[in-house]
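Just so we're aligned: 121 in numbering that gives the first Met the number 0 is position 122 of the sequence shown, and the numbers increase by one with no gaps anywhere.
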Amino acid sequence: MFKRRDRRPIWRIVTEALWPKGGWGRAARYVRLRLNRLPDPPHRIARGIFAGVFTTFTPFYGLHFVVAATLAWIMRGNILAALLSTFFGNPLTYVPIGVIAMKTGYWLLGLSGHPDHHDGSLGRKFVKAGQDLWDNFYAIFTPDTADWSHLQIFYNEVFYPYMIGGIIPGIVAGTIAYYVSLPLITAFQNRRKGVIKAKLAELKKRKAEGRSP
């Protein structure tokens with residue numbers, strides 16, 4: 000009953016994930032419209048936006064909604080605004096975000112060289128870490144011995160530098176988003192209140208005219 004009549008091929012699903020219908024510009028306009036219409040004070044919505052943008056600089060992929068919502072709750076920001084703002088991280092921005100976070104992390108931790116120069120390329124580290132997960136899961140049901148060496152390399156040379164390095168650029172990007180969005184949301188809400196007041200005044204005027212002899 001609830002299945003799509005036209006089953007989309009895999010290539011189309013991947014394509015729409017990387018480039019949605021209407022493009023990312025249309026998606027950004029939709030998110031902006033939803034943020035402006037949230038029924039909350041502007042400063043709470045702006046705090047939520049900060050939380051969402053900051054979260055995109057963390058390596059917790061798959062958990063960004065949870066991290067953003069938790070951070071917004073701690074900051075007393077709008078949780079829905081935080082969730083919507085995680086779309087700041089998308090296939091067009093993940094690569095530059097990752098590069099900035101990794102380089103900042105290596106600089107803060109005093110690690111020499113580029114992450115690609117440690118035990119093979121960055122892509123190889125992802126592959127080896129995934130292989131460790133699969134092999135160790137398989138080892139649960141077999142006599143094989145679990146080996147976490149590649150996962151340890153991945154944590155030390157990718158995940159941890161990414162996590163530490165994403166803090167500073169995440170705060171910077173989140174702060175910019177906060178101070179840019181706050182006056183825009185305030186102006187939008189004030190304009191909407193003015194429109195509502197004008198409509199109410201017009202209704203009262205019509206009622207008064209209808210009652211007059």
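No residue lacks a Cβ here, since even glycine has one placed at the ideal position from N, Cα and C.
Do Thr-103 and Ile-170 have their C-beta atoms within less than 9 Å of each other? By the CB criterion at 9 Å, Thr-103 and Ile-170 fall outside the cutoff.
Suppose you measure from the CA of Gly-193 to the CA of Leu-62; what does that come to, to the nearest Å? Straight-line Cα distance between these residues: approximately 39 Å.
Candidates Leu-110, Tyr-60, Ala-50: closest to Ile-175 by CA position: Answer by Cα proximity: Ala-50.
Can you tell me where the alpha helix (DSSP H) holding Val-157 begins and where it ends? Judged by DSSP secondary structure, Val-157 falls outside any alpha helix (DSSP H); it is assigned neither H nor E.
Looking at C-beta atoms only, is the number of pairs between the segment 72 to 88 and the segment 40 to 49 that lie closer than 8 Å three or more? Segments in contact, yes.
Considering only their Cβ atoms, is the gap separating Phe-87 from Ala-172 smaller than 9 Å? Cβ atoms of Ala-172 and Phe-87: closer than 9 Å.
Return the chain-ordered list of same chain residues with a C-beta closer than 7 Å to the C-beta of Leu-107, the five sequence neighbours on each side being excluded. For Leu-107, where only same-chain residues beyond five positions count, the Cβ hits under 7 Å are Ile-163, Gly-164.
State the Cα-Cα distance for the pair Ala-80 and Pro-182, rounded to the nearest angstrom. The alpha-carbon atoms of Ala-80 and Pro-182 are separated by roughly 15 Å.
Report yes if the C-beta of Ile-48 is less than 8 Å from at least one heavy atom of the ligand GTP; otherwise report no. The model depicted lacks the ligand GTP and carries no ligand whatsoever.
Going by Cα to Cα distance, which pick from Leu-150, Phe-125, Arg-123 is closest to Asn-135? With distances taken between Cα atoms, Asn-135 lies closest to Leu-150.
Taking only the alpha-carbon atoms, compute the straight-line gap between Phe-140 and Leu-82 and give it to the nearest angstrom. Straight-line Cα distance between these residues: approximately 39 Å.
Give me the Cα-Cα distance between Asn-155 and Tyr-161, rounded to the nearest whole angstrom. Here the C-alpha atom of Asn-155 lies approximately 10 Å from the C-alpha atom of Tyr-161.
Drop a sphere of 10 angstroms on the beta-carbon of Val-65, count the other beta-carbons inside from all chains shown, and report buried for 16 or more, exposed for fewer. By the neighbour-count criterion, in which a residue is buried when 16 or more other Cβ atoms sit within 10 angstroms of its Cβ, Val-65 is exposed.
Would you give the residue range spanned by the alpha helix (DSSP H) that Phe-153 belongs to? According to the DSSP assignment, Phe-153 belongs to the alpha helix (DSSP H) that extends over 148 to 153.
Ends of the alpha helix (DSSP H) at Thr-103? Boundaries of the alpha helix (DSSP H) harbouring Thr-103: 93 to 108, taken from the DSSP string.
If you draw a straight line from the alpha carbon of Thr-57 to that of Ile-166, how long is it in whole angstroms? Going by the C-alpha atoms only, they are around 8 Å apart.
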